[in-house]
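In terms of the numbering used here, the first sequence has 352 at position 261, counting the first letter as 1, and numbering is strictly consecutive.
Ideal Cβ placement from N, Cα and C applies to all residues, glycine included.
Structure, as structure tokens:
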Amino acid sequence: MLHINKIRENKENYIELLKIKNIDASDLIANAIAKDDERKATQQQADELLAKGNQLAKQIGELYKTGKAVEANVLKEESSAIKENSKALQTKQVELEKEIQDILVQIPNIPHPSVPAGKSDADNVTLKQVGDIPVLMDGAKPHWELTTDYNLIDFELGNKITGAGFPVYTNKGAKLQRALIAYFLDKNTDAGYTEYLPPHLVNEASGFGTGQLPDKEGQMYHATEDNLYLIPTAEVPVTNFFRDVIVKEFPIKCTAYTPCFRREAGSYGKEVRGLNRLHQFDKVEIVQIQHPEKSYETLDVMVQHVSSILDELELPYKILQLCGGDLSFTSALTFDFEVYSAGQERWLEVSSVSNFEGYQANRLKLRYKDENGKTQLCHTLNGSALALPRIYAALIENNQTAEGIKIPKALQPYTGFDIIK
RNA sequence: GGAGAGAUGGCAGAGUGGUCGAAUGCGGUGGUCUUGAAAACCAUUGUACAGCAAUGUACCGGGGGUUCGAAUCCCUCUCUCUCCGCCA
Numbered sequence: 092m093l094h095i096n097k098i099r100e101n102k103e104n105y106i107e108l109l110k111i112k113n114i115d116a117s118d119l120i121a122n123a124i125a126k127d128d129e130r131k132a133t134q135q136q137a138d139e140l141l142a143k144g145n146q147l148a149k150q151i152g153e154l155y156k157t158g159k160a161v162e163a164n165v166l167k168e169e170s171s172a173i174k175e176n177s178k179a180l181q182t183k184q185v186e187l188e189k190e191i192q193d194i195l196v197q198i199p200n201i202p203h204p205s206v207p208a209g210k211s212d213a214d215n216v217t218l219k220q221v222g223d224i225p226v227l228m229d230g231a232k233p234h235w236e237l238t239t240d241y242n243l244i245d246f247e248l249g250n251k252i253t254g255a256g257f258p259v260y261t262n263k264g265a266k267l268q269r270a271l272i273a274y275f276l277d278k279n280t281d282a283g284y285t286e287y288l289p290p291h292l293v294n295e296a297s298g299f300g301t302g303q304l305p306d307k308e309g310q311m312y313h314a315t316e317d318n319l320y321l322i323p324t325a326e327v328p329v330t331n332f333f334r335d336v337i338v339k340e341f342p343i344k345c346t347a348y349t350p351c352f353r354r355e356a357g358s359y360g361k362e363v364r365g366l367n368r369l370h371q372f373d374k375v376e377i378v379q380i381q382h383p384e385k386s387y388e389t390l391d392v393m394v395q396h397v398s399s400i401l402d403e404l405e406l407p408y409k410i411l412q413l414c415g416g417d418l419s420f421t422s423a424l425t426f427d428f429e430v431y432s433a434g435q436e437r438w439l440e441v442s443s444v445s446n447f448e449g450y451q452a453n454r455l456k457l458r459y460k461d462e463n464g465k466t467q468l469c470h471t472l473n474g475s476a477l478a479l480p481r482i483y484a485a486l487i488e489n490n491q492t493a494e495g496i497k498i499p500k501a502l503q504p505y506t507g508f509d510i511i512k
């Protein structure tokens, strides 16, 4: 959510920049400012009345104490009238505040000026491509066949006990998954991130804090009996650690492994086959809270960090800068990572690294004190480092050989084996 | 699941109708002292909104009510803790 004062200060600029996201926000913004003007006026009137009321109450107290009950009763009547008026004004103020909020949540984050225009993912800009596209042997297979052939994942068993999109990992397939989690966490903690293992269910307030609620309610599994939500990403619990916090020192760096639960209604076919899209999947997330002046520098460092992991895993990958049309509602600037999955001959998104600037922080009330002692919004950033299933798919597809599936060197200390036969 | 207790500033903890945005202690910040540090002492130390400012208003878990006046009384919701039960 954007801050109304920031909108006031940068009105024209914001409207221009939002065009990059293909959004004409001029009506929303004008409306928000008009309502806010009204809110200010209402508050001034209300404050004045309340001040008068407070004063009267004090006088009445004094009069009673000195035994002047008659005079007190006169003032009482005046006080009652004031009370009624001020109450009406306060109600109006609360209503206005809600209306303003309702408008503000409809305005997406302002994209960074460097964000290229564009309508869809087709307009994203490839910044660089690293690694060679592997040339596989004849008869190379997609991962959903390999996982069956080598007895790594039992999709059928998952269907039986839960449903589609809930795979069961077995044998070396399970070990490989565990190895990837441990490896990613180690890479992140080595880079200075503090490891957390958060709850996998969160309350309603946390859903609001990171913006899943109220809009994207359908994306999350909801345990209605206890009104808790299964997390769609570790970003939700981890970012909410810092809800209502005034930060003393920058940066704050967190990493967490969690399963992620997504209802993901409506998508079919080859795109979502096998591991490509799941209702439950594992992900290791990195989150940073940073001073506004340093957040873009940090974004670059985070991109570097994710790159280094993919380098070590010897996976060919592309870094894309998302165009305005593909940028998420809350993001100001996002880089996507896609790895090449040779068995499917497709690029698969495995990480998304974003700077949300103060957009999340405003909703979270995540702030710091500047050199003048004024509270300011922190900037928040996050990224996947990394999402498991598609990495897993690319790893086994790209490394399939006549002898078996080879494990990259970096991962071998974690798997304890160098080939799956 | 049953019974009980509680929720106050960064933390601990007082406050049961006006003198309370709130005692006191700890912590934080600034200063005095010191070669430096510690100790001691002095000062300062919540957030938001409105206002150029002076200042005003709101906030003592959330919401509602009683009252001229509520941290304090009433209703309601949420959460936490303790004991019992169940259980990895």
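Residue pairing for residue 430: DSSP places it in a beta bridge opposite 408, 439. For residue 350, the secondary structure class from DSSP, reduced to helix, strand or coil, is strand. Taking C-beta separations shorter than 8 Å and ignoring five residues to either side along the sequence, the partners of residue 337 in its chain run 458, 459, 460, 466, following chain order. When DSSP states are grouped into helix, strand and coil, residue 474 belongs to the strand group.
Apart from the 5 residues on each side of it in sequence, residue 273 sits with its Cβ closer than 8 Å to the Cβ of 505 in its chain, given in chain order. Of the candidates 111, 288, 124, the residue whose Cα lies closest to the Cα of residue 377 is 288.
Per the DSSP secondary-structure output, residue 245 pairs in a beta bridge with 259. For residue 468, the enclosing beta strand (DSSP E) covers residues 466-468.
Selection 407, 322, 175, 451 evaluated against residue 383 yields 451 as nearest (Cα-Cα). Rounded to whole angstroms, the gap between the alpha carbons of residue 271 and residue 105 is 42 Å. Counting along the chain, no beta strand (DSSP E) covers residue 167; the unbroken alpha helix (DSSP H) around it starts and ends at 160-195.
Residue 94 sits in coil when the DSSP states are folded into three classes, being neither helix nor strand. Within the same chain, Cβ atoms closer than 7 Å to the Cβ of residue 187 are found at 126, 129, 130, 133, the five residues on either side in sequence being excluded. Contact between residue 279 and residue 346 holds: their C-beta atoms lie close to 4 Å from each other, under 8 Å. When only Cα atoms are considered, residue 246 and residue 477 end up about 22 Å apart. In this model, residue 142 and residue 167 are separated by some 15 Å (Cα to Cα). Per DSSP, residue 124 is one residue of the alpha helix (DSSP H) stretching across 117-156.
Annotation for residue 114: 199 place their beta carbon closer than 7 Å to its own, counting only its chain and skipping 5 residues before and after.
Taking 8 Å as the cut-off, the Cβ atoms of residue 483 and residue 224 do not count as close. Sequence-distant Cβ neighbours of residue 290 in its own chain, meaning closer than 7 Å and more than five residues away, are 328. Nearest Cα to residue 136 within the set 169, 183, 109, 110: 183. When C-alpha distances from residue 485 are compared across 404, 295, 230, the shortest belongs to 404. By the neighbour-count criterion, in which a residue is buried when 16 or more other Cβ atoms sit within 10 angstroms of its Cβ, residue 427 is buried.
Taking C-beta atoms under 8 Å as the contact rule, residue 292 and residue 321 qualify, at a distance of about 6 Å.
In the three-state DSSP reduction, residue 364 falls in the coil class, being neither helix nor strand.
301 is the residue among 366, 301, 307, 305 whose C-alpha sits nearest the C-alpha of residue 334. Only residues of its own chain outside the window of five on either side were considered, and among them none has a CB closer than 6 Å to the CB of residue 205. Taking the Cα positions, residue 463 is about 20 Å away from residue 453. For residue 379, the pairing in a beta bridge is given by DSSP as 344, 472. For residue 402, the closest C-alpha among the options 275, 258, 232, 323 is that of 275. For residue 102, the enclosing alpha helix (DSSP H) has its first and last residue at 102-109. Burial state of residue 367 is buried, judged by a 10 Å Cβ sphere holding 16 or more other Cβ atoms. Across the set 400, 479, 437, 102, the C-alpha of 437 shows the shortest separation from the C-alpha of residue 232.
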